[in-house]
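Here's the structure, in structure tokens; my notes come after.
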Amino acid sequence: MFRFLSGLGSYCMLLGKVFARPEKHSIYYRQTMKELVTLGLRSIGIVTIISFFMGAVITLQTAYNTENPIYPTYLIGLGARDSILLEFSSTIVALILAGKVGSNIASEIGTMRVTEQIDALELMGVNSASYIILPKVVATVIFNPFLTLISIITGIAGGWIVGTSAGVITSQDYIYGIQYAFIPYYITYALIKTVIFAFIISTISAYQGYNVEGGSLEVGRASTKAVVYSSVTLLLFNVILTQLLLS
Amino acid sequence: MIRAEHISKSFAGRRVLTDISAIFEPGKTNLIIGKSGSGKTVFLKCLVGLLDVDEGEIYYNDVPFTRLDFRGKKELRKQMGMLFQGSALFDSMTVEENVRFPLDMFSGMSHQEKIDRVNFCLDRVNIVDSNRLFPSELSGGMKKRVAIARAIVLKPKFLFCDEPNSGLDPKTSIVIDELIREITSELRMTTIVNTHDMNSVMENGEKIIFIEEGEKCWEGNRNEILKSDCSKLNDFVFANSLARQLKDSSGQ
Numbered sequence: 001m002f003r004f005l006s007g008l009g010s011y012c013m014l015l016g017k018v019f020a021r022p023e024k025h026s027i028y029y030r031q032t033m034k035e036l037v038t039l040g041l042r043s044i045g046i047v048t049i050i051s052f053f054m055g056a057v058i059t060l061q062t063a064y065n066t067e068n069p070i071y072p073t074y075l076i077g078l079g080a081r082d083s084i085l086l087e088f089s090s091t092i093v094a095l096i097l098a099g100k101v102g103s104n105i106a107s108e109i110g111t112m113r114v115t116e117q118i119d120a121l122e123l124m125g126v127n128s129a130s131y132i133i134l135p136k137v138v139a140t141v142i143f144n145p146f147l148t149l150i151s152i153i154t155g156i157a158g159g160w161i162v163g164t165s166a167g168v169i170t171s172q173d174y175i176y177g178i179q180y181a182f183i184p185y186y187i188t189y190a191l192i193k194t195v196i197f198a199f200i201i202s203t204i205s206a207y208q209g210y211n212v213e214g215g216s217l218e219v220g221r222a223s224t225k226a227v228v229y230s231s232v233t234l235l236l237f238n239v240i241l242t243q244l245l246l247s
Numbered sequence: 248m249i250r251a252e253h254i255s256k257s258f259a260g261r262r263v264l265t266d267i268s269a270i271f272e273p274g275k276t277n278l279i280i281g282k283s284g285s286g287k288t289v290f291l292k293c294l295v296g297l298l299d300v301d302e303g304e305i306y307y308n309d310v311p312f313t314r315l316d317f318r319g320k321k322e323l324r325k326q327m328g329m330l331f332q333g334s335a336l337f338d339s340m341t342v343e344e345n346v347r348f349p350l351d352m353f354s355g356m357s358h359q360e361k362i363d364r365v366n367f368c369l370d371r372v373n374i375v376d377s378n379r380l381f382p383s384e385l386s387g388g389m390k391k392r393v394a395i396a397r398a399i400v401l402k403p404k405f406l407f408c409d410e411p412n413s414g415l416d417p418k419t420s421i422v423i424d425e426l427i428r429e430i431t432s433e434l435r436m437t438t439i440v441n442t443h444d445m446n447s448v449m450e451n452g453e454k455i456i457f458i459e460e461g462e463k464c465w466e467g468n469r470n471e472i473l474k475s476d477c478s479k480l481n482d483f484v485f486a487n488s489l490a491r492q493l494k495d496s497s498g499q
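Read top to bottom, the protein sequences are chains A and B.
Numbering of the first sequence is given in my numbering, commencing with residue 1 and proceeding in unit increments.
Numbering of the second sequence is given in my numbering, commencing with residue 248 and proceeding in unit increments.
Dropping the structure here:
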């Protein structure tokens with residue numbers, strides 16, 4: 001318990017340093033652009049592929065579990081849409097990004113720590129926490145909502161393509177289903193969750209990397225911890241946010 | 248000038264530095280020597296403020312560095328340059344970007360002025376046609392020289408070098424030593440070098456402090472080091488057989 005509280009305390013102190021006033025805005029802007037490419041644009045591929053197949057699987061599973069003449073087939077489209085909007089594109093994609101982006105952030109910052117690059121920044125009089133971490137946090141918080149939107153579109157498209165190709169649903173029924181009883185707030189809900197998850201992933205991973213002590217072995221451990229801790233925190237916040245936003 | 252007074256530092260109850268006092272003079276290459284694990288790097292990190300001292304005071308030209316707040320230390324650090332043991336160049340930046348970084352952060356120079364200053368510093372450390380290379384494409388000696396260029400780009404008043412010769416062959420080590428000595432005298436900096444390389448000691452040792460198990464055991468210069476009667480220093484200086492033979496033959 002003491003260890004947890006002490007860790008939480010130093011995490012909050014690190015955030016205090018991260019959100020201090022930037023030294024030179026133009027340099028931070030340039031760094032943020034770089035991070036948008038590294039952490040955002042380079043994640044589009046994996047998000048698209050996973051979302052497409054997950055959308056397809058959700059559609060097929062919904063279809064095989066609702067093989068009952070009482071249920072209209074357009075419910076398959078509705079079920080797929082709501083699963084993708086409510087949970088898959090925000091939470092599952094965030095978990096995937098915790099693995100990809102989280103380990104990337106922790107290992108990059110951890111390597112900078114063990115190779116004394118962070119000490120070099122500090123010695124120059126640069127706020128190393130802010131210079132290294134803030135652009136990553138800003139980039140993920142800005143870009144992850146776009147990844148969620150891409151995931152929603154590809155997931156629904158995947159369900160449509162595979163569902164119609166497999167003959168479990170007609171194109172007309174699927175399109176009718178995804179439009180039926182649509183609640184636009186679900187998109188807002190998914191995007192709010194995504195922004196908070198992006199903050200959790202980037203800050204927890206950065207904290208793990210920033211506090212590495214030792215060598216390459218510890219960098220690897222920090223990277224694993226970053227993925228595990230951010231995933232668990234993310235799942236906890238998923239419950240809290242769902243209750244707060246949908247109740 | 249840098250003055251350290253009664254510096255002590257412990258880690259988890261283990262004393263690493265005990266009551267070290269020293270004065271490092273400007274325009275000179277001041278050396279801190281000692282065995283691996285003797286506390287040299289901890290002492291250097293205390294001097295630059297990367298580690299907080301448990302006891303004692305550090306003064307930079309009579310400014311009490313240890314008593315400054317975060318902002319004060321940050322300002323003073325803009326007058327410092329440091330060459331780290333592993334060079335600590337930023338992996339994601341090219342040679343030019345690495346050297347330009349302190350200028351981007353803290354100078355109001357135009358882009359062309361920055362480029363000119365970067366090229367001047369790179370020229371000074373004999374790095375040519377490598378502006379677009381990344382640190383991973385450089386040899387160990389080149390990395391050190393680029394790190395020196397980055398350390399001096401803002402014309403610091405204080406230069407710190409942590410084991411500048413580690414991992415380098417003897418010839419490249421001499422080049423780095425000469426470079427540090429020349430730059431120190433050109434810019435009239437207070438330079439402090441951590442080393443256990445005896446070549447450096449004999450080439451650059453205008454002022455030498457010997458640390459053993461966290462305590463200052465001896466202070467002098469390169470002319471005095473061979474005649475010292477400090478047994479711990481003699482064990483360190485004459486650790487290899489060649490040095491012992493030289494000492495014996497000079498004694499005869």
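Positions of the beta carbon are idealized from the N, C-alpha and C atoms, including for glycine.
Next item on the list: Would you please state the rounded distance, in angstroms, between the beta carbons of Ile201 (chain A) and Ser223 (chain A)? I believe it to be under 8 Å.
Entry: Within the first sequence, residue 201 (chain A) is the residue found at index 201, counting from 1. Within the first sequence, residue 223 (chain A) is the residue found at index 223, counting from 1. With 8 Å as the limit, Ile201 (chain A) and Ser223 (chain A) do not qualify as a contact, their Cβ atoms being about 13 Å apart.
Notebook entry, point to check: When every heavy atom of the ligand SAM is checked, does at least one fall within less than 6 Å of the C-beta of Glu344 (chain B)?
Noted result: The ligand SAM is not part of the structure shown, which contains no ligands of any sort.
Notebook entry, point to check: Rounded to the nearest angstrom, how far is the Cβ of Pro349 (chain B) from that of Leu434 (chain B), given a contact under 8 Å?
Noted result: Position 102 of the second sequence, counting from 1, holds the residue named residue 349 (chain B). Position 187 of the second sequence, counting from 1, holds the residue named residue 434 (chain B). In fact, because the Cβ distance is near 15 Å, the residues do not count as touching under 8 Å.
Note to self: So for Lys256 (chain B), helix, strand or coil by DSSP?
What the structure shows: To locate residue 256 (chain B), count along the second sequence from 1; it is residue 9. For Lys256 (chain B), the three-state secondary structure derived from DSSP is strand.
Item checked: Under 9 Å from the C-beta of Leu5 (chain A): neighbouring residues of chain B -> For this step, residue 5 (chain A) is matched to residue 5 along the first sequence. In chain order: nothing, as chain B lies at least about 20 Å away.
Next item on the list: Pull out every residue of the stretch 124-150 of chain A whose Cβ sits closer than 7 Å to any Cβ of chain B, in chain order.
Entry: Correct list: Met124, Gly125 and Val126.
Margin query: Using 7 Å as the threshold, is the C-beta distance between Lys454 (chain B) and Lys275 (chain B) below it?
Written below: Within the second sequence, the letter at position 207 stands for residue 454 (chain B). Within the second sequence, the letter at position 28 stands for residue 275 (chain B). The answer is yes: Cβ separation under 7 Å.
Note to self: Please tell me whether Lys325 (chain B) has its Cβ less than 7 Å away from any Cβ of chain A.
What the structure shows: Position 78 of the second sequence, counted from the first residue, corresponds to residue 325 (chain B). The beta-carbon of Lys325 (chain B) is placed less than 7 Å from the nearest beta-carbon of chain A.
Item checked: Helix, strand or coil at Met340 (chain B) [DSSP, three-state] -> Walking along the second sequence from the start, residue 340 (chain B) turns up at place 93. In this structure, Met340 (chain B) counts as coil in the three-state DSSP scheme.
Next item on the list: Grab me the residues of Ser128 (chain A)'s own chain with a C-beta within less than 7 Å of its C-beta, minus the 5 sequence neighbours each way, in chain order.
Entry: Locating residue 128 (chain A) in the first sequence gives position 128, counting from the first residue. Residues Ile118, Leu121 and Glu122 of the same chain have their beta carbon placed closer than 7 Å to that of Ser128 (chain A), with the five preceding and five following residues left out of the count.
Check: Closest to Asp299 (chain B) by CA distance: which of B:Asp316, B:Ile279 and B:Val346 is it?
Finding: In the second sequence, residue 299 (chain B) corresponds to position 52, counting from 1. Ranking the options by Cα distance to Asp299 (chain B), first place goes to B:Asp316.
Notebook entry, point to check: What residues in its chain sit with their C-beta under 7 Å from that of Asp482 (chain B), if we drop five residues either side in the sequence?
Noted result: The residue you call residue 482 (chain B) lines up with position 235 of the second sequence. None.
Next item on the list: Please confirm if Gln31 (chain A) has its CB atom under 7 Å from at least one CB of chain B.
Entry: Position 31 of the first sequence, counted from the start, is the residue given in the question as residue 31 (chain A). Closer than 7 Å: no.
Next item on the list: To the nearest angstrom, report how far apart Tyr28 (chain A) and Val448 (chain B) are at their CA atoms.
Entry: For the purposes of this step, residue 28 (chain A) is taken as residue 28 along the first sequence, with counting starting at 1. For the purposes of this step, residue 448 (chain B) is taken as residue 201 along the second sequence, with counting starting at 1. Approximately 42 Å between the Cα atoms of the pair.
Next item on the list: Quick one: give me the first and last residue of the alpha helix (DSSP H) that Glu108 (chain A) is part of.
Entry: As a working mapping, residue 108 (chain A) is identified with position 108 in the first sequence. Element bounds for Glu108 (chain A): Ser103 to Val114.
Item checked: Nearest residue (CA-CA) to Thr442 (chain B), options B:Gly303, B:Asp338 and B:Ile280 -> Position 195 of the second sequence, counted from the start, is the residue given in the question as residue 442 (chain B). Nearest in C-alpha terms to Thr442 (chain B), of all of B:Gly303, B:Asp338 and B:Ile280, is B:Ile280.
Next item on the list: Taking only the alpha-carbon atoms, compute the straight-line gap between Met389 (chain B) and Ile132 (chain A) and give it to the nearest angstrom.
Entry: As a first step, residue 389 (chain B) is located in the second sequence; it is residue number 142 there, counting from the start. As a first step, residue 132 (chain A) is located in the first sequence; it is residue number 132 there, counting from the start. When the Cα atoms are used, Met389 (chain B) and Ile132 (chain A) turn out to be separated by approximately 25 Å.
Item checked: The beta strand (DSSP E) enclosing Tyr307 (chain B), as first and last residue numbers -> The count along the second sequence starts at 1 and reaches residue 307 (chain B) at position 60. Residues Glu302 to Tyr307.
Notebook entry, point to check: Which of the three DSSP states, helix, strand or coil, is assigned to Ala63 (chain A)?
Noted result: In the first sequence, counting from the first residue as 1, residue 63 (chain A) sits at position 63. Ala63 (chain A) sits in a helix when the DSSP states are folded into three classes.
Note to self: Please identify, using Cβ separations under 7 Å, the residues of the stretch 23-52 of chain A that lie next to chain B, in order along the chain.
What the structure shows: Taken in chain order, the members of the stretch 23-52 of chain A whose beta-carbon sits within less than 7 Å of a beta-carbon on chain B are Glu23, Lys24 and Ile27.
Checklist line | Proximity below 7 Å, CB of Val346 (chain B) to CB of Arg397 (chain B) | finding: Walking along the second sequence from the start, residue 346 (chain B) turns up at place 99. Walking along the second sequence from the start, residue 397 (chain B) turns up at place 150. Yes, the Cβ-Cβ distance between Val346 (chain B) and Arg397 (chain B) is below 7 Å.
Check: Along the stretch 94-128 of chain A, what residues have a CB closer than 7 Å to any CB found in chain B?
Finding: The residues in question are Thr115, Glu116, Gln117, Asp119, Ala120, Glu122, Leu123, Met124, Gly125 and Val126.
Margin query: So that I know if they touch, is there some Cβ in chain A lying closer than 7 Å to that of Pro382 (chain B)?
Written below: The residue given as residue 382 (chain B) occupies position 135 in the second sequence. Residue contact check for Pro382 (chain B) against chain A: no CB pair falls below 7 Å.
Notebook entry, point to check: Val232 (chain A) by DSSP, collapsed to three states: which one?
Noted result: By one-based count along the first sequence, residue 232 (chain A) stands at place 232. Three-state DSSP puts Val232 (chain A) in a helix.
Next item on the list: Could you say which of B:Gln492, B:Gly461, B:Thr438 and B:Gly319 lies nearest to Leu473 (chain B) if we only look at CA atoms?
Entry: By one-based count along the second sequence, residue 473 (chain B) stands at place 226. The shortest C-alpha to C-alpha distance from Leu473 (chain B) to any of B:Gln492, B:Gly461, B:Thr438 and B:Gly319 is the one to B:Gln492.
Margin query: Tell me the DSSP secondary structure of Cys408 (chain B) in three-state form.
Written below: Locating residue 408 (chain B) in the second sequence gives position 161, where the first residue counts as 1. Three-state result, Cys408 (chain B): strand.
Checklist line | Element boundaries [alpha helix (DSSP H), containing Thr276 (chain B)] | finding: Numbered from its first residue, the second sequence carries residue 276 (chain B) at position 29. For Thr276 (chain B), there is no enclosing alpha helix (DSSP H); the enclosing beta strand (DSSP E) covers residues Thr276 to Ile280.
Notebook entry, point to check: What did DSSP end up calling Arg30 (chain A) once you bin it into helix, strand or coil?
Noted result: Numbered from 1 along the first sequence, position 30 holds the residue referred to as residue 30 (chain A). When secondary structure is reduced to three states using DSSP, Arg30 (chain A) falls in the helix class.
Check: Helix or strand or just coil, what does DSSP make of Glu272 (chain B)?
Finding: Numbered from 1 along the second sequence, position 25 holds the residue referred to as residue 272 (chain B). Per DSSP, reduced to three states, the secondary structure at Glu272 (chain B) is coil, with no helix or strand assignment.
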